[in-house]
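Quick note, our numbering runs 5 ahead of the 1-based positions in the sequence shown. The beta-carbon is built from N, C-alpha and C at its ideal position, and this holds for glycine as well. In this text, all values refer to a predicted model and were calculated from it rather than measured experimentally. A short worksheet on the structure shown next.
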Amino acid sequence: MTEISDPEDLTARARIREAAIQQFGELGFDRATIRGIATAAGVSSGLVRHHYGSKQALREACDDHLTKIIGRLNEQAHAFPAAGPINPTAELRQHQNYLVRSLTDGGPSAIFDHMAALSTEWLAAADKADPDPPRTPATARAALLTAMSLSVTLLRPHLERGFGVDPESPEGELLLMRSLVDLYSHPILSRSEAERIHTALDAMAAGPDNPPLPRRTR
6 MTEISDPEDL TARARIREAA IQQFGELGFD RATIRGIATA AGVSSGLVRH HYGSKQALRE
66 ACDDHLTKII GRLNEQAHAF PAAGPINPTA ELRQHQNYLV RSLTDGGPSA IFDHMAALST
126 EWLAAADKAD PDPPRTPATA RAALLTAMSL SVTLLRPHLE RGFGVDPESP EGELLLMRSL
186 VDLYSHPILS RSEAERIHTA LDAMAAGPDN PPLPRRTR
């Protein structure tokens with residue numbers, strides 16, 4: 006029987022969803038079957054179809070469930086530290102295989118798009134408070150930031166070598182969060198270095214069909 010994320014969420018519909026997250030994560034969407042999901046959930050194939058209709062609809066329900074979890078973690082991050090400690094890695098650990106599959110199976114990922122949209126909101130708010138806002142759109146930077154964040158899940162074995170500890174251990178999770186805080190709070194480039202690079206990129210892009218990016222103003 007598949008483990009249920011929320012002890013109170015014990016309905017057949019929830020068991021089917023959790024089993025689908027497990028099966029899609031382990032086998033991929035194409036190889037996972039309604040019968041296999043039903044077996045993992047301890048229900049009949051007919052009940053799976055009764056609740057979700059199709060495998061695609063079930064996948065969409067799984068995506069929706071994960072985006073709700075991510076949205077809740079985002080709200081907690083906004084309230085940190087007043088709301089107490091948060092640990093996104095631990096919260097999403099049991100869904101790790103599904104997250105990886107959703108990013109690598111091909112096609113658009115609703116989870117990626119949702120995370121990018123949340124990051125866009127954060128960056129857009131930061132831009133408004135910045136007297137020297139970035140030149141590129143918040144949507145582009147948010148997509149890049151989301152890709153970099155999700156690579157932690159995809160590249161965990163390589164991250165472990167750099168950390169010297171398992172990123173999913175208590176020590177590794179704390180090191181991960183401290184490292185992220187340091188990266189975000191200590192820019193690698195100075196303002197003057199960034200301006201010189203932008204000037205060089207402007208020169209590369211110059212031409213009648215590729216005008217330089219305009220400097221954003223208020």
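Please state the DSSP three-state secondary structure of VAL105. Correct three-state label for VAL105: helix.
If you draw a straight line from the C-alpha of LEU149 to the C-alpha of PHE117, how long is it? LEU149 and PHE117: Cα-Cα distance of roughly 11 Å.
Contacting residues, own chain, Cβ-Cβ under 7 Å from MET6 (five flanking each side not counted): With a pLDDT of 44 at MET6, under the threshold of 50, the predicted position of this residue should be treated as unreliable, though the coordinate-derived value follows. Around MET6, the same chain offers GLY47 as residues with beta carbons nearer than 7 Å, after the five sequence neighbours per side are excluded.
Could you tell me whether the region 171-184 touches the region 130-143, using the rule of 3 or more Cβ pairs below 8 Å? No: fewer than three Cβ pairs fall under 8 Å.
Tell whether a beta-carbon distance below 8 Å holds between PHE34 and ASP110. Contact: yes.
Sequence ranges, beta strand (DSSP E) only - wholly within the region 18-87, length at least 3: Listed in chain order, there is nothing to give.
Hey, ALA17 and HIS56: beta-carbon distance below 8 Å or not? In contact: ALA17 and HIS56 (Cβ atoms closer than 8 Å).
Hey, could you find the ends of the alpha helix (DSSP H) ILE193 is sitting in? Looking at the DSSP string, ILE193 is not in any alpha helix (DSSP H), and its letter there is neither H nor E.
Please classify PRO172 as buried or exposed, where buried requires at least 16 other C-beta atoms within 10 Å of its C-beta. With a 10 Å radius around the Cβ and a threshold of 16 neighbouring Cβ atoms, PRO172 comes out buried.
The alpha helix (DSSP H) enclosing GLY137, as first and last residue numbers: The sequence as given places Asp at residue 137; Gly does not occur at that position. Here ASP137 belongs to no alpha helix (DSSP H), and DSSP marks it neither H nor E.
Going by DSSP in three states, LEU150 sits in which element: helix, strand or coil? In the structure shown, LEU150 sits in a helix (DSSP, three-state: H, G or I).
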